[in-house]
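Residue numbers (mature numbering (1 follows the signal peptide of the UniProt record, and there is no 0)): -18 to -1, 1 to 770.
So this is what it looks like as structure tokens:
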């Protein structure tokens, strides 16, 4: 009985409050005339702001006229777009279509990274900017490159409008001057840039320069701008509030929530005053419950809550709509039409608006953009031009605005330079080699502009190191040269060495490990055909050594055992073509990666150590003077590696690999051509790699089967089980030969397997099980992290 009385009391209280609200509204509606102006104020709230779509949907369905709009943060995005002419359904579809994970990161699609930078892109967990030679904490800011692209695309029809009062509905967006303090209302300029400023949540999104001021989310000063829409001229205000709720004492035992509360108190207090200025107010705070500002993945749920809450105010909206109709107030909400004006001039500026003074830098940007004055360009063309500049990785952010002057448009390009130095870290492990920490130092423009120097070491049992320098030439960013030195130590998986045994002094059979060391030095001249393709010609020096790794016990028992097997060095001159437009570096679903390479080998120097007494099997295999071998003159190798991916559905992608490796040179009848290890194709491995001489093959460990030639085809189906979890069954077929051609005296090999992959914060995680017809057992491969 007591519970029933409480329930009745709550219902009665709600009814009384609702009646009072309706009575107050009715009084207000009675004062409406044909001259009454109607305003819409939408608050900030991060992801919670999606709920405002419920209000916009109500306005559209009842045909309510809105004369002025103000908005903060997400309310600014939706308000600005609605002012252009987007309706609620279009905005809802836009929210559903946008890749929020990409918006909330600083990454760009792999196919938009210039081919000269793909080798280092998306390889590290952490990056620390280097300032005055000292690594500093990484920025927590999201620069918002993709966000800028999305906003420019959505607002492109209004690019010729620099006065927001000239939109379908006049709009003003809040922002806060983070340097000097104070509320700034964005009324003129670039609409997408003003939207970008109002959503620049401090410590999350990078601040924005507009007219020399450094601006952030206007919610710092006014989260619910009801007063501002009154100042624009509104007599009647419709409001949507998705802002802050105050935490309880218990909740504030969490330090992060305590920090949050210090900001929320001011905003909640200000809301009390702004609330009084609203005639119809939909307060979403309690219905949204524990949904936070960063819960962008919950957009479906948030929009649904917004629609439900707006419907609770249906009588108020209906009353307003009827009052407008009685007075003959009507409004047709439609999209503003694009005016296709030519771009008459380009300006090039620093992020803060200061003009770029370096003429060579301007020429490089112009060359990458490839846009000319006096022509009209659509948004797709303009965004692609900006992507080409950003893909060079010289800038942290590249964006543009338009200024309308004399029947034409001035396109203003702004750039934020990347830090010159960066210290990077990554972890890796696989069960065939070892665990390690990859440490990289990258420095740009160390000698000349548009250069990149990097030094990378893999601190592990299998030590690796790489030093490289690249320099672009001229002003069109087409020609560039690179110099590189690289050293690797790897445990050899080569079957020839792994199956070799020896007997110690007690007659026990030993299976020693072998270590392969390779040092290369390369210089190349390159020409970019497009941002994703280039030709290269150059020369490489290569030194390789194989030696046996014995533990302390074996060393004590085999004094006569020579741990050195051979040393070999040679040169090669290469001509290479490479194209890579995969959409992702790992678990790609679209695009292709084509490599074509021709090498001419010369300058061999070879020393085979005295193995005939203690390791006669290896001596006979490694000795090019054996009677069944001959060392070909004028050796040329030709390699083609094509990987292609095609999306069948949103979750399923088909992948195809074609590989051909063959050689040409002098021949001798009944003799096998002797090729050194760095001239062979070292087959094996279950993971996709772009090392031309090491084609992957199911059922083999990495570089397990060296051969003189190979032709193979691989197919796989990659299915996305969950958001970042993939399963990919695969089949591989190949013809393998120790002759020059894979179709001469070859044997057939086929393999099959399945890979389970996951995109984690520390890099790709792979578990692969595979086998082939040449071995009677399966191979299991497990790896974590980024590769060296």
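Every residue, glycine too, gets a C-beta built ideally from N, C-alpha and C.
Fair warning: this is a prediction, and the values are worked out from it, not measured in the lab.
Apart from sequence neighbours up to five positions away, the residues of its chain that approach residue 455 with a beta-carbon distance below 8 Å are 461, 462 and 463, ordered along the chain. As for any beta strand (DSSP E) of minimum length 3 sitting wholly inside the segment 491 to 529, the runs are 495 to 512, ordered along the chain.
Take residue 726, set aside five residues on each side of it, and the residues of its chain with a beta-carbon closer than 7 Å to its own are 719, in chain order.
The C-beta distance from residue 571 to residue 614 rounds to 42 Å, too long to fall under 8 Å, and the pair is not in contact. Judged by DSSP in its simplified three-state form, residue 718 adopts strand.
With a cutoff of 8 Å on beta-carbon distance, residue 165 and residue 182 are scored as not near each other. Fewer than three Cβ pairs drawn from the segment 139 to 153 and the segment 78 to 97 lie within less than 8 Å of each other, which leaves the two stretches out of contact. Here residue 733 is buried: its Cβ has 16 or more other Cβ atoms, across all protein chains shown, within 10 Å. Pairwise C-beta distances place the segment 411 to 425 in contact with the segment 434 to 442, as three or more of them are shorter than 8 Å. By the neighbour-count criterion, in which 16 or more other beta carbons inside 10 Å mark a residue as buried, residue 56 falls on the buried side. Boundaries for residue 682: no beta strand (DSSP E) harbours it, and the DSSP string shows neither H nor E there. For residue 369, the number of other beta carbons within 10 angstroms of its own is at least 16, and it is reported as buried. In the DSSP annotation of this structure, residue 106 is not part of any alpha helix (DSSP H), being labelled neither H nor E. When the beta-carbon positions are compared, residue 768 and residue 745 come within less than 8 Å of each other. CA-to-CA, the gap between residue 526 and residue 552 works out to about 9 Å. Pairing residue 278 with residue 82 gives a Cβ-Cβ distance under 8 Å. The secondary-structure analysis by DSSP pairs residue 263 across a beta bridge with 221. Below 8 Å, too few C-beta pairs join the segment 130 to 140 and the segment 407 to 422 to call them touching: fewer than three. The Cβ atoms of residue 666 and residue 642 do not sit closer than 8 Å to each other. Counting the other CB atoms within 10 Å of its CB gives residue 729 a total below 16, which places it among the exposed residues.
Residue range 461 to 473 is occupied by the beta strand (DSSP E) that includes residue 464. Counting along the chain, residue 349 sits inside the alpha helix (DSSP H) bounded by residues 341 to 351. Secondary structure note for residue 143: it is in no alpha helix (DSSP H), with a DSSP letter that is neither H nor E. Distance from the CA of residue 396 to the CA of residue 330, rounded to the nearest whole angstrom, comes to 6 Å. Selection 37, 27 and 98 evaluated against residue 563 yields 98 as nearest (Cα-Cα). Closest option to residue 106, judged by alpha-carbon separation, among 709, 405 and 203: 405. Rounded to the nearest angstrom, the gap between the Cα atoms of residue 591 and residue 699 is 47 Å. Taking a 10 Å sphere around the C-beta of residue 696, we find 16 or more other C-beta atoms and assign the residue as buried. Between residue 264 and residue 225 a beta carbon distance of about 12 Å is seen, past the 8 Å cut, so the two are scored as non-contacting. Only buried fits residue 35, as 16 or more other CB atoms lie within 10 angstroms of its CB. In this structure, residue 648 and residue 616 form a Cβ contact; the two beta carbons are roughly 6 Å apart against a cut-off of 8 Å. Across the set 283, 52 and 378, the C-alpha of 378 shows the shortest separation from the C-alpha of residue 399. Close CB contacts of residue 137 within its chain, under the 6 Å cut and outside five residues either way in sequence, are with 173 and 174 (chain order). DSSP, read as helix, strand or coil, puts residue 561 in strand. Three or more Cβ pairs drawn from the segment 15 to 27 and the segment 202 to 218 lie within less than 8 Å of each other, which places the two stretches in contact. Residue 651: not part of any beta strand (DSSP E); DSSP gives it neither H nor E.
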